[in-house]
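Participant: Here the sequence shown stands for residues 1 to 261, where the numbers follow UniProt numbering. Even glycine gets a Cβ: it sits at the ideal position worked out from N, Cα and C. Here it is, the structure, as structure tokens.
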Amino acid sequence: NGLVGHRIQSNAADFAKPLVVVYYNVDYVRDSKGTNYVRNRVLKVAKKLSEENVNVRFAVSNAQEFRQELTQFGISDVKKDGKYVVARDAKDQKYKLSEDFSYEAIEQFARKVISGDLEPYLKSQAVPEQTEDVKVVVAKNFDEIVNDNTKDVLIEFYAPWCGHCKSLAPKYDELAKTLKKESSIVIAKMDATENDVPSQYNVRGFPTIYFAPKNDKSNPRKYEGEREVDGFIKYLAREATEPLDGYARDGTKNKGGADEL
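Below you can see the structure in the form of structure tokens.
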């Protein structure tokens, strides 16, 4: 039946969103009875919503085969007999069912995803105390820090294991310390392996650095300059929405401006 597709790695991209996926021990070879038992419950929901013209699709996937994908929903301990229900809406926002698997739970979950009555799932570290000059951003405080329309923000997306990020760290710290008195500039960093990165930021390798100017947060600009304190300062002096206090637009220090370190 086309209402509940069997989603495997090779066809995963073909399923249109909004999409609800039920991950469990899908095995049509060794356990077709058990596989169909769960799928038929999902099918019942799919039929009902399809008859009501609710715009949502359903699929079943093998939980072990999609372990990596499940980590994007904060599910890292995949149990052999576990059933995991997640969804992505038309905007690619993520949701996960927190109740136990049942026909009713899946129906309510799908309806709420479509009506926008569910809080999207955000993979995020806990919001930290800010003790350093470089602001630590996690998914949960991204809006508050990076999308603050009163600040120009330079943000580094890093991975803890990345060598280039480690060698950048002392320079990035020095940059933040040097520009500490610039009230309209924020130097920030985020561990992109532990936090969801908003879709307007394209992070493929590490470190990836973006500049998010005030009043244009939906169009962050990728920083392609040199990764030296001087290079960053020149860039920020030139690109800042308003001129910096301590530096001219060409990156030279203003007389009597920012103190020498």
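1) Going by Cα to Cα distance, which pick from I75, Y210, D216 is closest to Q64?
2) Count the other C-beta atoms from every protein chain shown that fall within 10 angstroms of the C-beta of residue 267, then say buried if there are 16 or more, exposed otherwise.
3) Quick one: complete beta strand (DSSP E) runs, 3+ long, within the stretch 74 to 101?
4) Skipping 5 residues on each side, what residues in its chain have a beta carbon closer than 6 angstroms to that of P128?
5) Pairing CB atoms from the stretch 96 to 115 with CB atoms from the stretch 152 to 172, are three or more of them under 8 angstroms?
6) Should F73 and Y121 be called a contact, given that it needs their Cβ atoms to be closer than 7 angstroms?
7) For I209, tell me which candidate among S183, L236, D81 has the shortest Cα-Cα distance.
8) What number of angstroms, rounded off, separates the C-alpha of D203 from the C-alpha of A46?
9) Tell me the rounded alpha-carbon separation between V113 and E52.
10) Tell me, please, which residues DSSP counts as bridged to F206.
11) Starting from G5, trace the alpha helix (DSSP H) in both directions and tell me its first and last residue.
12) Got a sec? Which residues, its chain only, sit under 8 angstroms from N215 by beta carbon, not counting five neighbours each side?
13) Using three-state DSSP, classify E224 as helix, strand or coil.
14) Compare the C-alpha of K222 against each of E228, A212, I233 and name the closest.
15) Rank K33, L244, L3 by C-alpha distance to the C-alpha of L49 and give the top, closest one.
16) How about D152 and I185: are their beta carbons less than 7 angstroms apart?
17) Since K171 contacts V134 with CB under 8 angstroms, what's their CB separation in whole angstroms?
18) Go ahead and pull the three-state DSSP assignment for K123.
19) By the DSSP assignment, the beta strand (DSSP E) with E156 in it spans what residues?
20) May I have a chain-ordered list of the alpha helix (DSSP H) segments no shorter than 4 residues that lie completely inside the stretch 15 to 64?
21) Please state if the CB of P207 and the CB of L168 are separated by a distance shorter than 7 angstroms.
22) State the Cα-Cα distance for the pair K140 and Y95, rounded to the nearest angstrom.
Facilitator: Looking at the atomic coordinates:
1) Numbered from 1 along the sequence shown, position 64 holds the residue referred to as residue 64. Nearest Cα to Q64 within the set I75, Y210, D216: I75.
2) Past the edges of the chain, shown from 1 to 261, lies residue 267, and the structure says nothing about it.
3) 84 to 88, 94 to 96
4) On the sequence shown, position 128 is the one that residue 128 refers to. Once the five neighbours on either side are set aside, the close Cβ partners of P128 are V136.
5) no
6) For the purposes of this step, residue 73 is taken as residue 73 along the sequence shown, with counting starting at 1. For the purposes of this step, residue 121 is taken as residue 121 along the sequence shown, with counting starting at 1. Against a cut-off of 7 angstroms, the Cβ pair of Y121 and F73 comes out as a contact.
7) Residue 209 sits at position 209 when you count from the first residue of the sequence shown. The shortest Cα separation from I209 among S183, L236, D81 belongs to L236.
8) Along the sequence shown, read from residue 1 onward, the residue named residue 203 stands at position 203. Along the sequence shown, read from residue 1 onward, the residue named residue 46 stands at position 46. Checking the sequence, you will find Val at residue 203 rather than Asp. Answer to the nearest angstrom: the Cα atoms are 35 angstroms apart.
9) Position 113 of the sequence shown, counted from the first residue, corresponds to residue 113. Position 52 of the sequence shown, counted from the first residue, corresponds to residue 52. Between V113 and E52, the C-alpha separation is close to 15 angstroms.
10) Numbered from 1 along the sequence shown, position 206 holds the residue referred to as residue 206. None; F206 has no bridge partner.
11) Within the sequence shown, residue 5 is the residue found at index 5, counting from 1. G5 -> not in any alpha helix (DSSP H); beta strand (DSSP E) instead, spanning 4 to 6.
12) Residue 215 sits at position 215 when you count from the first residue of the sequence shown. The beta carbon of N215 lies closer than 8 angstroms to those of N149, T241 in the same chain, with the five residues before and after it left out.
13) Taking the first residue of the sequence shown as 1, we reach residue 224 at position 224. Coil.
14) Mapped onto the sequence shown, residue 222 falls at position 222. When only C-alpha atoms are compared, the closest one is A212.
15) The residue given as residue 49 occupies position 49 in the sequence shown. Relative to the Cα of L49, the nearest Cα in the group K33, L244, L3 belongs to L3.
16) One-based indexing of the sequence shown puts residue 152 at position 152. One-based indexing of the sequence shown puts residue 185 at position 185. Yes, these two residues count as a Cβ contact at 7 angstroms.
17) Numbered from 1 along the sequence shown, position 171 holds the residue referred to as residue 171. Numbered from 1 along the sequence shown, position 134 holds the residue referred to as residue 134. Contact flag wrong, Cβ pair sits at about 11 angstroms.
18) Translated into positions along the sequence shown, residue 123 becomes position 123. It is coil, neither helix nor strand.
19) Locating residue 156 in the sequence shown gives position 156, counting from the first residue. Start and end: 152 to 158.
20) Given a length threshold of 4 residues, each whole run of the alpha helix (DSSP H) inside the stretch 15 to 64 is given here in chain order: 32 to 51.
21) For the purposes of this step, residue 168 is identified with residue 168 of the sequence shown, where counting begins at 1. For the purposes of this step, residue 207 is identified with residue 207 of the sequence shown, where counting begins at 1. Taking 7 angstroms as the Cβ cut-off, L168 and P207 qualify as a contacting pair.
22) For this step, residue 140 is matched to residue 140 along the sequence shown. For this step, residue 95 is matched to residue 95 along the sequence shown. Whole-angstrom Cα-Cα distance: 15 angstroms.
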